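Residue numbers (my numbering): 2 to 174.
Heads up, the thing below is written out as structure tokens.
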């Protein structure tokens, strides 16, 4: 009986560990796929060594600032949930917290734009054309990603799609 438990425990631990490893594989592939366009862009720009170093500095600092900003936003959202959960929610406090979250989100967007312009300033005119084209493509990709996320949430399908789904479920006549 003891031997059977030991074997069963070992198998369970192995299955859990292998599940964790396999669950992480798709995330790594996604991260690599997301990094691929950036690598191609850097190759297309044909940066000098000095430009490469300066851009790396800007990106490193931007990443640290973005992490700190996301942490502030996440903490403010936790505070907001807590404000809603009180026995008598205070409308003014909730509105103030929403305004704070909005301000933090705006600051994050402004920082991203500031970093884009800081990098743009380091580039030659020809490099700037490539850089600007990548910005347009990146913005379109972000819009598509946002749409996919919205469509994947229950009840958040675009109105036209929602209407078609309702028509298929309840055909007229």
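Cβ coordinates follow ideal geometry from the N, Cα and C atoms, glycine included.
In this text, all values refer to a predicted model and were calculated from it rather than measured experimentally.
Taken through DSSP and simplified to helix, strand or coil, residue 46 comes out as helix. Taking the Cα positions, residue 168 is about 25 Å away from residue 145. With fewer than 16 other beta carbons inside 10 angstroms of its own, residue 136 counts as exposed.
Contact between the region 67–85 and the region 93–102 is present: three or more C-beta pairs spanning the two stretches fall below 8 Å.
Measuring C-alpha to C-alpha distances from residue 104 to each of 117, 12, 73 identifies 73 as the nearest. Contact annotation: residue 59 and residue 116 have beta-carbon atoms nearer than 8 Å.
Here residue 132 is near residue 46, since their CB atoms are less than 8 Å apart. Out of 38, 128, 120, the CA that lies nearest to the CA of residue 57 is found in 120.
Straight-line measurement puts the Cα of residue 85 at about 11 Å from the Cα of residue 93.
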